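Note that the protein sequences, when read in sequence, are chains A and B.
The first sequence: position 76 = 76 (the UniProt record's numbering), numbered continuously.
The second sequence: position 45 = 45 (the UniProt record's numbering), numbered continuously.
All remarks here apply to the structure that follows.
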Amino acid sequence: MKCHEYEAYMHEYLDEEISTEHEKNLKQHLQQCVSCQKHFHELSKTITLVKGMATVTAPDDFTSKVMNKLPKEKKKVGIQRWFRHHPLLTAASLFLILMMGSVISGWNKGQDLSVSKQPNLIVKNDTVIVPEGEVVKGDVVVRNGSLQIEGQVDGNVIVINGEVIKGNKYMASAGQVTGEIKEINAVFEWIWYYLKNTAKEVVNLFEDNETEGEQSQGVAVFLNSIDR
Amino acid sequence: MDAIIKKRINQVLKGDQNAYAEIVELYKDKVFQLCYRMLGNRHEAEDMAQEAFIRAYVNIASFNINLKFSTWLYRIATNLCIDRIRKKKPDFYLDAEVSGTDGLTMYSQIPSDTALPEEEVESMELQDIIQREISRLPEKYRSVIVLKYIEELSLNEISEILDMPLGTVKTRIHRGREALRQQLRNV
């Protein structure tokens, strides 16, 4: 074998990929051949020198410089990140926005008269009439109109954006309501009513699920107390 | 580490730029060192290393998340440095070697106020000589030597970074070693 063939073995050795046989041959040759010994020594020294070079580190402001040079991110992402970092505030503000939105839209939901469905109620223009001698069962809700009570209501009366006329103006006691009478005419009142109503509905839903639609007296009492 | 990088990359993909700062922070020294040893000059190295990170950011959507991020990043940096070496513009930096002065730089024209300790000067000189000899290597040998002995990467990784067969990488390392041996034999 000639010397330059051992050179290949040297590189195999330096790559740590030499077979045991080649390694044995190389070692034997190096003990005999001074010039190959020198060659091998120089290669090893070169590697040691290169490996021994001091580690260099990037300048301190490197990262900020890179970040400043990046193309600008979309604003959307910044907002999203803010939301991610403030989940509680996000939830609260989202709730408020939705709440206000539906409350206000509920208040402004047109100027049309609407009334709860009871078969014996009479609607005349903007006035809903509980006829004399009749008993209306359940709560009566009137929106954007007045309610004239000549007969009897077996439940609560709620008038939103309107007024309650009990029977003849001069005979206020002619009509009879077993429950409460409420007139709601301002946004704040409306909001309060809305909140209470929503809470009631949520509780109702919850209770409905539990009792499978069975209305218990206890709940009714409880709801009445919320109402007050 | 890989898991963190993957998480950050996914955040960057969603458009969160801040997540990229952490990636830069993790790899800046490695990339800077790679560029510095390839180019032999701090200013150029900083430029190239910054450019590498910017390109990686811009092209992050094309990165295959199942591969090693460092391999991809080193490939970008190495290619940038090789391009830079090939079309080396006559840029002037204070620590660039003044031609025909055998290692003198523009800094040596500026009088220094404080005398450096003798030992430091000597070790600095040795470092400078080695760096100078690395810089004299043709760029195809320089890149493999730097990746192998400065960044201490495996031959397989180097073959991935340079996108060339393992056999070619080995041949280049052998030739690079031989060339450096010749240049450094008298040090």
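Glycine is no exception: its CB is placed at the ideal position from the N, C-alpha and C atoms.
Keep in mind that this is a model prediction, so the values were computed, not measured.
Here A/T20 is exposed: its Cβ has fewer than 16 other Cβ atoms, across all protein chains shown, within 10 Å. Beta-bridge partners assigned by DSSP to A/D154: A/K137. In this structure, the beta-carbon distance from A/L70 to B/I4 does not fall below 9 Å.
For the 9 Å CB-CB criterion, A/W190 and A/I160 form a contact. One Cα belongs to B/N79, the other to A/M100, and the distance between them is close to 57 Å. Look at B/I130 here: in three-state DSSP terms it is helix. In the three-state scheme derived from DSSP, where H, G and I count as helix and E and B as strand, A/K124 is classed as strand.
For A/S146, the enclosing beta strand (DSSP E) begins and ends at S146 to I149. Residues of chain B whose Cβ lies closer than 7 Å to the Cβ of A/T46 are, in chain order, R177, L180, R181 and L184. Membership of A/E183 in the beta strand (DSSP E) is indicated by the continuous run I181 to I184.
Linking B/I85 to B/I158 through their CA atoms gives a straight-line distance of about 19 Å.
Within its own chain, the residues whose Cβ lies closer than 8 Å to the Cβ of A/G138, once the five positions on either side in sequence are excluded, are S116, Q118, D154 and G155, listed in chain order. Rounded to the nearest whole angstrom, the C-alpha separation of B/A52 and B/L73 is 7 Å. Apart from sequence neighbours up to five positions away, the residues of its chain that approach B/F69 with a beta-carbon distance below 6 Å are I5, ordered along the chain. Residues of the segment 127 to 149 of chain B with a C-beta less than 8 Å from any C-beta of chain A: Q127, I130, Q131, I134, I145 and Y149, listed in chain order. For B/L162 against B/L153, the beta-carbon gap comes to about 10 Å, at or over 8 Å, which does not count as contact. Counting every other CB atom within 10 Å of its CB across the protein chains shown gives A/L96 a total below 16, marking it as exposed. In this chain, A/H86 is not harboured by any alpha helix (DSSP H), its DSSP state being neither H nor E. Residue environment analysis places B/M1 among the exposed positions, since fewer than 16 neighbouring C-beta atoms fall within 10 angstroms of its C-beta. Residue range R42 to V58 is occupied by the alpha helix (DSSP H) that includes B/I54. At a cut-off of 9 Å between beta-carbon atoms, B/I54 makes contact with chain A. Contact check for B/K170 and A/D15: beta-carbon distance about 7 Å, within the 8 Å limit, so the pair qualifies. In the three-state scheme derived from DSSP, where H, G and I count as helix and E and B as strand, A/I18 is classed as coil. About 15 Å separates the beta carbon of B/L26 from that of B/I60, a gap too long to meet the 8 Å contact definition.
Interface with chain A (9 Å Cβ-Cβ cutoff): B/L155 is included. Within the same chain, Cβ atoms closer than 7 Å to the Cβ of B/T71 are found at E157, E160 and I161, the five residues on either side in sequence being excluded. Note: B/V169 is not bridge-paired with any residue in the DSSP secondary-structure output. Within the same chain, I65 come within 8 Å of B/N10 by CB-CB distance, once the 5 residues on both sides are set aside. Nearest to B/Y149 by alpha-carbon distance, out of A/R84, A/D126 and A/S44, is A/S44.
Contact between B/E151 and B/K30 holds, with the beta-carbon distance rounding to 6 Å and staying under 8 Å. Distance from the CA of A/T46 to the CA of B/L180, rounded to the nearest whole angstrom, comes to 7 Å.
In this chain, the alpha helix (DSSP H) harbouring B/F69 covers F69 to R86. For B/L147, no alpha helix (DSSP H) encloses it, and the DSSP letter there is neither H nor E. Beta-bridge partners of A/Q176 (DSSP): A/Q152. In this structure, A/S146 keeps its C-beta atom at 9 Å or more from the C-beta atom of A/I122. In its chain, beyond the 5 residues on either side, V123, D126, V128, V142, R143, N144 and G145 have a beta carbon closer than 8 Å to the beta carbon of A/L113.
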